[in-house]
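Q: For the sequence shown, UniProt numbering begins at 1 and goes up steadily by one.
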Amino acid sequence: TRKDCDDIPAGSILVDDPVLQYLCTQPGDEARSKLVCVAEESHALRSVFPMINKTGVVESLLDGGSQIVSMSEEVAQQLGICWDPSIVIHMQSANRQLDKTLGLAKNVPFRFGDIPIYLQVHIIQNPAYKVLLGRPFYAITESEIKNAKDGGQLITLTDPNTGR
């Protein structure tokens, strides 16, 4: 106020309380309600570890964007999985390269805990993964996926034979 300024000698420098200055720059409840949450730059791919062909547990990537279930030739051989080389498909990978599968392994047993499922698995030479679980897996298990902001994921599977 004008009265306060009368007591200050001419040429003086006034400095406000730095704590009050800082507190005045902080968002209040109204400003906080206008803040926007943003996504991280990336999150890790999710994987599960089923028992396959009653032989071994193999890390398997979850990929709801893939139209097939696929497995590397090396893993198929290690697990003793046979495939029909007369049933092949041409696939376009993310880098737009066209590749032919080596064949189709029919009714391959996968076990997720106490849930057995049988999948049709396309065998691929030298992919960047061991096993990729695509849409056929999601469909047969009627999977429900709950994602968390921190990147965590909860997947619920239904046994296709019992409905539980």
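Just so it is clear, CB atoms sit at the ideal spot from N, CA and C, and this is done for glycine as well.
The structure presented is a predicted model; accordingly, all values stated were derived computationally and were not measured.
For Q125, report the span of its alpha helix (DSSP H) as first-last.
A: Neither: Q125 is in no alpha helix (DSSP H) and is coded neither H nor E.
Q: Using the Cβ count rule (16 or more neighbours within 10 Å means buried), how would you classify T101?
A: Flag for T101 reads buried.
Q: Ends of the alpha helix (DSSP H) at T25?
A: 18-25
Q: One question on the structure: do E59 and K130 come within less than 8 Å of each other, judged by their Cβ atoms?
A: yes
Q: With DSSP as the reference, please indicate the residues paired to E144 in a beta bridge.
A: In the DSSP assignment, the residues bridged to E144 are T156.
Q: Quick one: what's V131 bridged to in DSSP?
A: S60, M71
Q: Which same chain residues end up closer than 8 Å to F49 when comparing Cβ atoms and leaving out the 5 residues on each side of it in sequence?
A: The residues V57, V58, E59, S60, in chain order, have a CB closer than 8 Å to that of F49 in the same chain once the five nearest residues on each side in sequence are set aside.
Q: Going by DSSP, what residues sit across from S47 in a beta bridge?
A: L61
Q: Which whole-angstrom value is the C-beta distance of T156 and S143, which I expect to be below 8 Å?
A: 7 Å
Q: Tell me, to the nearest whole angstrom, how far the beta carbon of I140 is from that of I123; I am working on the premise that it is less than 8 Å.
A: Rounded to whole angstroms, the Cβ separation of I140 and I123 is 19 Å, and the two are not in contact under 8 Å.
Q: Would you kindly check if the distance between the Cβ of G103 and the Cβ of I81 is under 8 Å?
A: no
Q: Might you give, ordered along the chain, the residues of its own chain that have their beta carbon closer than 6 Å to the beta carbon of L23, omitting 5 neighbours on each side?
A: none
Q: Under the rule that 16 or more other beta-carbon atoms within 10 Å means buried, what is S70, buried or exposed?
A: buried
Q: From the DSSP output, in three-state form, read off Q120 for me.
A: In this structure, Q120 counts as strand in the three-state DSSP scheme.
Q: Distance, Cα to Cα, K106 vs V121?
A: 6 Å
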